[in-house]
Amino acid sequence: MAVQADDRGPRNRGLLAGAPVARAVRACATIAPGLRPVVHRELERNGFTPVDDALDNAGWTTFTVDGPLDLADAIGRLRTLHRLGLVLAAGSLDPDDPWDGLDALVDEIDVDPWFAEGPFAVRGHRTGDHEFTSMELAARVGDRLHDHLATELGTRPPVDLEAPDAIVRVHVDDAGHTRLWLDLAGQAGLHRRSYRDYDHPAGMKASLAAALLELADHRARGPFADPMAGGGTLVTEAVGRALGLSPMRLRGDELLAWHAPALAEHQANLGAPEAFVDREQAPAFVLGDHAPNHVEGAQRNLEAAGVADLVDTYAGDARQLPDHVDDAELVATNPPYGIRSGEAPLADTYRDLIDAGLASLADDGRIGLLTPKADLVHRIADERGLTVAEDETVKHGRLTIHLLVVDRG
Numbered sequence: 570m571a572v573q574a575d576d577r578g579p580r581n582r583g584l585l586a587g588a589p590v591a592r593a594v595r596a597c598a599t600i601a602p603g604l605r606p607v608v609h610r611e612l613e614r615n616g617f618t619p620v621d622d623a624l625d626n627a628g629w630t631t632f633t634v635d636g637p638l639d640l641a642d643a644i645g646r647l648r649t650l651h652r653l654g655l656v657l658a659a660g661s662l663d664p665d666d667p668w669d670g671l672d673a674l675v676d677e678i679d680v681d682p683w684f685a686e687g688p689f690a691v692r693g694h695r696t697g698d699h700e701f702t703s704m705e706l707a708a709r710v711g712d713r714l715h716d717h718l719a720t721e722l723g724t725r726p727p728v729d730l731e732a733p734d735a736i737v738r739v740h741v742d743d744a745g746h747t748r749l750w751l752d753l754a755g756q757a758g759l760h761r762r763s764y765r766d767y768d769h770p771a772g773m774k775a776s777l778a779a780a781l782l783e784l785a786d787h788r789a790r791g792p793f794a795d796p797m798a799g800g801g802t803l804v805t806e807a808v809g810r811a812l813g814l815s816p817m818r819l820r821g822d823e824l825l826a827w828h829a830p831a832l833a834e835h836q837a838n839l840g841a842p843e844a845f846v847d848r849e850q851a852p853a854f855v856l857g858d859h860a861p862n863h864v865e866g867a868q869r870n871l872e873a874a875g876v877a878d879l880v881d882t883y884a885g886d887a888r889q890l891p892d893h894v895d896d897a898e899l900v901a902t903n904p905p906y907g908i909r910s911g912e913a914p915l916a917d918t919y920r921d922l923i924d925a926g927l928a929s930l931a932d933d934g935r936i937g938l939l940t941p942k943a944d945l946v947h948r949i950a951d952e953r954g955l956t957v958a959e960d961e962t963v964k965h966g967r968l969t970i971h972l973l974v975v976d977r978g
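Per the numbering used here, residue 570 is the first one in the sequence shown, and the count goes up by one each step.
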């Protein structure tokens with residue numbers, strides 16, 4: 570991640586008050602509901618250890634890190650997360666007297682080295698039935714934390730609900746399990762990469778694109794292609810993954826507050842992911858779409874991400890993909906869902922897509938699909954003698970989406 574100077578002046582004192590200290594702590598992350606198995610693959614590939622936690626449901630995961638530098642690396646490396654934070658305190662509340670338990674959890678928070686004198690805010694969220702609202706939850710924790718920080722720091726940090734340096738979140742689930750955590754993702758989630766200059770009407774979340782690449786084990790051993798690319802998110806994520814480009818490299822200023830200046834010595838390689846290939850030896854990346862305006866928009870996004878020089882683009886039907894590549898390691902796309910066209914035309918579209926993908930692959934190549942039409946994909950795979958090697962489900966708004974990886978039989 571490129572860490573640049575911040576122009577906010579005296580406010581930018583950072584949340585890490587002292588020098589980085591290596592000590593095992595727990596990190597928590599919000600994720601697309603259902604995506605935990607794929608997120609755990611990415612965590613383990615990057616050297617992090619997932620752990621079980623009572624508060625982890627379909628949209629959460631927890632893992633261990635060795636202090637501030639490890640957290641910085643996680644922010645700079647991991648592509649499938651939405652928000653990432655440090656677990657400050659956790660426990661269960663007595664439903665008859667929740668405030669006493671909540672106060673005790675706040676008092677447990679280890680201030681050094683995670684907080685300094687910059688402004689902070691508290692956000693509350695609860696699920697299930699409780700005697701308090703989310704706003705009352707946030708207010709209670711905020712008042713208690715304000716006093717706790719004043720005692721520990723010797724000065725009372727300001728509260729800034731609009732643009733805080735530190736965001737502390739408190740989450741209480743329906744069983745009373747409670748987690749206080751320091752949100753390190755900034756005001757926007759980590760899945761917002763800051764390269765989306767063109768917003769496709771059915772744009773894919775970068776975290777889901779990254780998850781499909783992780784599930785398919787894409788390692789840039791050969792070309793990558795997306796023949797229904799839309800705004801180009803899958804191709805952009807594939808290039809970033811292949812070259813070891815930090816997903817946060819375009820958001821250095823936004824994320825600077827919590828780690829500067831304590832991580833100054835770590836800036837040169839802050840969160841540098843493992844690269845599968847050097848830029849000079851990168852294989853071909855191919856982006857196609859039937860709509861020229863989408864191809865033009867995707868080109869803008871590629872330019873914003875700084876990878877346009879590595880991607881070949883074309884406007885044309887997905888069936889034309891074999892004209893552009895015939896030895897791909899992975900053909901991956903987010904095909905239409907048939908909301909307007911109906912099931913019968915959609916089946917023909919999927920058959921044509923999969924046939925074109927097969928004709929574009931190397932012998933050991935794979936096809937990756939992100940779609941709610943898993944039954945249709947399985948049926949076509951059976952017809953073609955193919956194997957659906959991976960099938961993971963994720964909630965995406967009101968839809969249940971499948972991440973599928975198809976191999977030759």
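Built from N, CA and C at the ideal position, the CB exists for glycine as well. Keep in mind that this is a model prediction, so the values were computed, not measured.
For the putative contact between Arg935 and Leu973, defined by C-beta atoms under 8 Å, what is the C-beta separation to the nearest angstrom? Incorrect: roughly 10 Å between the Cβ atoms, too far for contact.
For the beta strand (DSSP E) holding Glu961, just list the boundary residues, first then last. If you look at Glu961, you'll find it in the beta strand (DSSP E) that goes 955-965.
What residue range is occupied by the uninterrupted alpha helix (DSSP H) comprising Val607? Counting along the chain, the alpha helix (DSSP H) containing Val607 begins and ends at 605-614.
Those residues which DSSP pairs with Asp976 across a bridge: Thr956
Three or more beta-carbon pairs under 8 Å between the stretch 924-943 and the stretch 778-791, yes or no? These segments touch.
Rounded separation between Ala771 and Ala744 - CA only: 36 Å
With distances taken from CA atoms, which of Leu718, Ala950, Thr918, Ala779 is nearest His651? Ala779
What number of angstroms, rounded off, separates the C-alpha of Pro727 from the C-alpha of Pro688? 5 Å
For the stretch 879-899 against the stretch 855-866, do three or more pairs of beta-carbon atoms, one drawn from each stretch, fall closer than 8 Å, so that the two count as touching? yes
Assuming Arg646 is part of the alpha helix (DSSP H), what are its boundary residues? 637-646
Spatially closest choice to Thr940 from Leu714, Tyr906, Gly616, Glu613, by CA coordinates: Nearest C-alpha to Thr940: Tyr906.
Distance between Gly723 and Gly711 (C-alpha atoms, nearest Å): 17 Å
What's the call for Arg967, buried or exposed, on a 16-neighbour Cβ count within 10 Å? exposed
How do the stretch 596-611 and the stretch 637-651 stand: do at least 3 beta-carbon pairs fall below 8 Å, yes or no? Enough Cβ pairs lie closer than 8 Å, so yes.
Within 10 angstroms of its Cβ, does Thr618 collect 16 or more other Cβ (buried), or is it exposed? Classification for Thr618: exposed.
Using a Cβ-Cβ cutoff of less than 7 Å, which residues in the same chain neighbour Arg692 once the five nearest sequence positions on both sides are dropped? Cβ-Cβ distances below 7 Å link Arg692 to Ala707, Ile736, Arg738 in the same chain, with the five nearest sequence neighbours on each side left out; the list follows chain order.
CA nearest to the CA of Gly654, picked from Pro796, Leu662, Asp642: Asp642
Alpha carbon of Ala925 to alpha carbon of Asp795, nearest angstrom: 11 Å
According to DSSP, is Leu753 helix, strand or coil? Collapsing the DSSP output to three states places Leu753 in coil.
Quick one: what's got a C-beta closer than 8 Å to Gly813's C-beta in the same chain, skipping five residues either side? Excluding positions up to five away in sequence, the list reads Ala841, Pro842, Glu843, Ala844, Phe845.
7 Å Cβ shell around Ala690 - same chain, five flanking residues per side excluded: Val728, Asp729, Leu730, Pro733, Ile736
How would you call Glu1000, buried or exposed, if buried means at least 16 neighbouring beta carbons within 10 angstroms? The first residue shown for the chain is 570 and the last is 978, placing residue 1000 beyond what the model contains.
Where His859 and Val804 are concerned, what is the direct C-alpha to C-alpha distance, given to the nearest angstrom? 16 Å
Which residue wins for smallest C-alpha separation from Arg820, given the options His965, Ala757, Ile970, Ser703? Ala757
Through-space distance from Pro904 to Asp921, alpha-carbon basis: Within the model, the alpha-carbon separation for Asp921 versus Pro904 is close to 11 Å.
Report the three-state DSSP secondary structure of Gly934 (helix, strand or coil). strand
For Gln868, I'd like the list of residues in its chain whose CB is within less than 7 Å of its CB, leaving aside the five on either flank, ordered along the chain. Once the five neighbours on either side are set aside, the close Cβ partners of Gln868 are Ala877, Thr882.
Between which two residues does the alpha helix (DSSP H) containing Gly809 stretch? 802-812
Buried or exposed: Asp847, going by 16 or more other Cβ atoms within 10 Å of its Cβ? exposed
For Ala658, collect the residues of the same chain with a Cβ closer than 6 Å to its Cβ; drop the 5 residues on either side in sequence, then sort them by chain order. Leu674, Glu677, Ile678, Leu749
Identity of the residue in His740, His746, Leu784 nearest Arg695 by Cα: His740
Going by other Cβ atoms of all chains shown within 10 Å of its Cβ, with 16 needed for buried, is Arg709 buried or exposed? buried
Measure the CB-CB distance between Thr802 and Ala785 and report whether it falls below 7 Å. no
Integer-rounded CB distance, given that Val680 should sit under 8 Å from Glu721: That pair is a contact at about 4 Å.
Test item: CB-CB of Ala593 and Asp621 under 7 Å: no
Along the chain, where does the beta strand (DSSP E) that runs through Arg595 open and close? Segment 594-599, the beta strand (DSSP E) holding Arg595.
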